[in-house]
Amino acid sequence: MSVDTANGEDLHTAMVDQLVADHAEKGLVMRPEVEAALRSVPRHLFTPDAALAEAYRADQAVVTKRIGDEAVSSVSAPWLIAEMLGQAADAVDGGLAGRHVLEIGSGGYNAALLRELVGPSGSVTTVDIDREVTDRATACLTAAGYDDVVVVCADAEQPVNPGRRYDLIIVTVGAWDIPPAWTAQLAENGTLVVPLRTFGMTRSWAMRRTGDRLVSHSQRLCGFVSMQGAGAHEVRYVDVADGVHLRLDEDQQVDRHAVGELLAQPQTQAWAGVSLPPRTVLADLDLWLASRITDAGQQFVVLTAQQEAVDAGVVAPAWRFGTPAALDNAAFCYRSTLRWDDDDMFDLGACAHGPDAASATGRMVGQMRAWLDSGSPSPVLHVLPADTPDGDLPAGTVLDKRHSRFVLTLTPA
Ligand SMILES: C[S@@+](CC[C@H](N)C(=O)[O-])C[C@H]1O[C@@H](n2cnc3c(N)ncnc32)[C@H](O)[C@@H]1O
423 MSVDTANGED
433 LHTAMVDQLV
443 ADHAEKGLVM
453 RPEVEAALRS
463 VPRHLFTPDA
473 ALAEAYRADQ
483 AVVTKRIGDE
493 AVSSVSAPWL
503 IAEMLGQAAD
513 AVDGGLAGRH
523 VLEIGSGGYN
533 AALLRELVGP
543 SGSVTTVDID
553 REVTDRATAC
563 LTAAGYDDVV
573 VVCADAEQPV
583 NPGRRYDLII
593 VTVGAWDIPP
603 AWTAQLAENG
613 TLVVPLRTFG
623 MTRSWAMRRT
633 GDRLVSHSQR
643 LCGFVSMQGA
653 GAHEVRYVDV
663 ADGVHLRLDE
673 DQQVDRHAVG
683 ELLAQPQTQA
693 WAGVSLPPRT
703 VLADLDLWLA
713 SRITDAGQQF
723 VVLTAQQEAV
733 DAGVVAPAWR
743 FGTPAALDNA
753 AFCYRSTLRW
763 DDDDMFDLGA
773 CAHGPDAASA
783 TGRMVGQMRA
793 WLDSGSPSPV
803 LHVLPADTPD
813 GDLPAGTVLD
823 KRHSRFVLTL
833 TPA
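Residue numbers (our numbering): 423 to 835.
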């Protein structure tokens, strides 16, 4: 089908077919109710300013508001919405029908999908901090016939409807912490799905509430526009060489000149000596490295680079948009590009610069082998209140946030 001649219905069908195929390729199964909702809701009614072909791209968000160069609101990418709805439906015992849902971050489209999923006996409330966004979402929902979604304009850092409990809270904006209001608004055993930054890397976590704690049920790789308002938490990029940056959390400090001096020293490369099939997902490895580097008392940072710096050989990161790296006084070490063999299998590697580069790369490839030898475990995230004493924390790598203590557990499979 040519995009030029296709009508909206054809494009809609093709988008959902593509989403189902993408799930299968990632080893996921799209739940029939999620597929039915995706087939029911015409996405172009929520992106009236975009061309039909843009509205029905499976892989792209449609940006609806920018401030300067920064996108602050969008109708999220369908692949991501589909995965997060699947996470929600998997985590909510008994499925989504009849459930009461709070969506944080409004574009209209996801709220309409949720409305389809919860059915007539359920309810959907969506909240956004930006009046322009809520007005737009209300207009689009009405135009698409979803006039019983409650749209609220407020900062979701605070309770939206004090005293009310939801079976599911689905956050569609990038968060750094879990404010107490989110746990408090969840029913016991309720589910929170949230794109959360841990160790500088964002994953969509589906978590279930037990008392004042949340424990993760699943996680997926994702990216989102950042939270605004009282829960905003700045990400900083520090230049360490031409076109090479470290992505840091607000409270992380590095001496950029010292890192620059390490990077100016010759590069050492080591290989894990493993043979992995294409499509092996390495997102869990990156969280494993973050936890092992932190537990070893080194500083964990995320390396990003411009294509020009990669082409010039300044750095060779696994993924230039965010690669795990370890930093100390004697070496700067990061996960490097994969090495492919003639049988289409790949090896994992590490690159380092500095006087201790050889042992740093040896340590990192050792950590990679340890992850594989442990059965490539997926992390489980525990979220506890900020005043939880150390003795009450589960075993794992602790990450203290403003309102919560996070513990990442990677138990060998
Ligand atoms: C990616 S968009 C939401 C997409 C939407 N759920 C959809 O249907 O595609 C993220 C939204 O989160 C909103 N947002 C950011 N910080 C917020 C906060 N503290 N409380 C409520 N909404 C917030 C932004 O205004 C933005 O419109």
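Positions of the beta carbon are idealized from the N, C-alpha and C atoms, including for glycine. Note that this is a predicted model, so its numbers are computed, not measured.
*asked:* Just to confirm, is the Cβ distance from Gly530 to Leu563 under 8 Å?
replied: As a first step, residue 530 must be located in the sequence shown, where it is residue number 108. As a first step, residue 563 must be located in the sequence shown, where it is residue number 141. Note that the C-beta distance between Gly530 and Leu563 is below 8 Å.
*Does any heavy atom of ligand 1 sit closer than 7 Å to the C-beta of Met506?*
Your numbering for residue 506 matches position 84 in the sequence shown. Not one heavy atom of ligand 1 is found less than 7 Å from the C-beta of Met506.
*Arg827 versus Leu806: straight-line alpha-carbon distance, rounded*: Taking the first residue of the sequence shown as 1, we reach residue 827 at position 405. Taking the first residue of the sequence shown as 1, we reach residue 806 at position 384. Distance between the alpha carbons of Arg827 and Leu806 is about 5 Å.
*Does the beta-carbon of Gln675 have 16 or more other beta-carbons within 10 angstroms, so that it is buried, or is it exposed?*
Along the sequence shown, read from residue 1 onward, the residue named residue 675 stands at position 253. Label assigned to Gln675: exposed.
*Where Asp599 falls: helix, strand or coil (DSSP)*: Working through the sequence shown from its first residue, we reach residue 599 at position 177. The three-state reading of DSSP puts Asp599 in coil, since its state is none of H, G, I, E or B.
_Between the segment 549 to 561 and the segment 519 to 538, can you find at least three pairs of beta-carbon atoms closer than 8 Å?_
Touching, yes, given that three or more Cβ pairs across the two stretches are closer than 8 Å.
*From the DSSP output, read off the bridge partner residues of Cys575.*
What you label residue 575 is simply residue 153 of the sequence shown in a count that begins at 1. Partner(s): Asp550.
*Considering Tyr531, what are the terminal residues of the alpha helix (DSSP H) in which it resides?*
Within the sequence shown, residue 531 is the residue found at index 109, counting from 1. Annotation: the continuous alpha helix (DSSP H) that includes Tyr531 extends over Tyr531 to Val540.
*Could you work out which residue in Pro581, Ala808 and Val494 is closest to Asp525 when comparing CA atoms only?*
What you label residue 525 is simply residue 103 of the sequence shown in a count that begins at 1. One detail in the question is off: residue 525 reads as Glu in this sequence, not Asp. When only C-alpha atoms are compared, the closest one is Pro581.
*Can you name the start and end residues of the alpha helix (DSSP H) that Gly788 belongs to?*
In the sequence shown, counting from the first residue as 1, residue 788 sits at position 366. Looking at the DSSP string, the run of the alpha helix (DSSP H) that includes Gly788 is Ala779 to Asp795.
*Between the Cα of Thr833 and those of Pro464, Ala499 and Leu709, spot the shortest distance and give me the residue it belongs to.*
Within the sequence shown, residue 833 is the residue found at index 411, counting from 1. Checked all of Pro464, Ala499 and Leu709; the closest Cα to Thr833 is Leu709.
*Check whether the Cβ atoms of Ala483 and Ser462 lie closer than 8 Å to each other.*
Position 61 of the sequence shown, counting from 1, holds the residue named residue 483. Position 40 of the sequence shown, counting from 1, holds the residue named residue 462. Contact: no.
*asked:* Among the candidates Ala835, Val637, Val829 and Arg824, whose CA atom is the shortest distance from the CA of Glu579?
replied: Within the sequence shown, numbered from 1, the residue matching residue 579 stands at position 157. Looking from the CA of Glu579, the closest CA among Ala835, Val637, Val829 and Arg824 belongs to Arg824.
*Return the chain-ordered ranges of every beta strand (DSSP E) run that is complete within the segment 699 to 776 and spans a minimum of 3 residues.*
Listed in chain order, they are 721 to 727, 745 to 750, 753 to 757 and 771 to 775.
*May I ask which residues mark the beginning and end of the alpha helix (DSSP H) holding Gln440?*
Here the question's residue 440 lines up with position 18 in the sequence shown. Taken as a continuous stretch (DSSP letters only), the alpha helix (DSSP H) holding Gln440 covers Gly430 to Glu447.
*Does ligand 1 have even one heavy atom less than 7 Å from the beta-carbon of Tyr531?*
Within the sequence shown, numbered from 1, the residue matching residue 531 stands at position 109. Yes, ligand 1 has a heavy atom inside 7 Å of this Cβ.
*If you run the structure through DSSP and keep just helix, strand and coil, what is Leu507?*
Within the sequence shown, numbered from 1, the residue matching residue 507 stands at position 85. Under the three-state reduction of DSSP, Leu507 is assigned to helix.
*Would you say the beta carbon of Ile551 comes nearer than 7 Å to a heavy atom of ligand 1?*
Walking along the sequence shown from the start, residue 551 turns up at place 129. Flag set: Cβ of Ile551 near ligand 1.
_First and last residue of the uninterrupted alpha helix (DSSP H) at Ala477_ = Numbered from 1 along the sequence shown, position 55 holds the residue referred to as residue 477. From DSSP, the alpha helix (DSSP H) with Ala477 extends over Leu474 to Ala477.
_Buried versus exposed, by CB contacts within 10 Å (16 or more), Glu672_ = Counted from its first residue, the sequence shown places residue 672 at position 250. Exposed, since its Cβ has fewer than 16 Cβ neighbours within 10 Å.
*Endpoints, beta strand (DSSP E) assigned at His667*: Walking along the sequence shown from the start, residue 667 turns up at place 245. Taken as a continuous stretch (DSSP letters only), the beta strand (DSSP E) holding His667 covers Val666 to Asp671.
_Just to confirm the assignment, what range does the alpha helix (DSSP H) spanning Ser462 have?_
Start at 1 with the first residue of the sequence shown, and residue 462 comes out as number 40. Element bounds for Ser462: Pro454 to Ser462.
_Neighbour-count burial assignment, Val666, 16 or more Cβ in a 10 Å radius_ = Here the question's residue 666 lines up with position 244 in the sequence shown. Burial call: buried.
*May I ask which residues mark the beginning and end of the beta strand (DSSP E) holding Gly407?*
In the structure displayed, the chain extends from 423 to 835; residue 407 sits before or after that span and is not available.
*Note down the Cα distance separating Ala603 from Val456, rounded to an integer number of angstroms.*
Stepping through the sequence shown from its first residue, residue 603 is reached at position 181. Stepping through the sequence shown from its first residue, residue 456 is reached at position 34. Answer to the nearest angstrom: the Cα atoms are 28 Å apart.
*Going by other Cβ atoms of all chains shown within 10 Å of its Cβ, with 16 needed for buried, is Thr632 buried or exposed?*
Within the sequence shown, numbered from 1, the residue matching residue 632 stands at position 210. Exposed, because fewer than 16 other Cβ atoms sit within 10 Å of the Cβ of Thr632.
_Which of the three DSSP states is assigned to His466 in this structure?_
The residue you call residue 466 lines up with position 44 of the sequence shown. His466: helix per DSSP, three-state reduction.
*Hey, would you say the C-beta of Glu579 is under 7 Å away from at least one heavy atom of ligand 1?*
Working through the sequence shown from its first residue, we reach residue 579 at position 157. Under cutoff, so the answer is yes.
*Using the C-alpha atoms, what's the distance from Met506 back to Gly614?*
Start at 1 with the first residue of the sequence shown, and residue 614 comes out as number 192. Start at 1 with the first residue of the sequence shown, and residue 506 comes out as number 84. The question names Gly, yet the displayed sequence has Leu at residue 614. Cα to Cα, Leu614 sits roughly 11 Å from Met506.
*Could you give the residue range of the alpha helix (DSSP H) that holds Arg587?*
As a first step, residue 587 must be located in the sequence shown, where it is residue number 165. In this chain, Arg587 is not harboured by any alpha helix (DSSP H), its DSSP state being neither H nor E.
_For a test of your reading of the model: does the CB of Val616 fall under 7 Å from any non-hydrogen atom of ligand 1? Yes or no._
To locate residue 616, count along the sequence shown from 1; it is residue 194. No; taking the cut-off as 7 Å, the Cβ of Val616 has no heavy atom of ligand 1 nearer than that.
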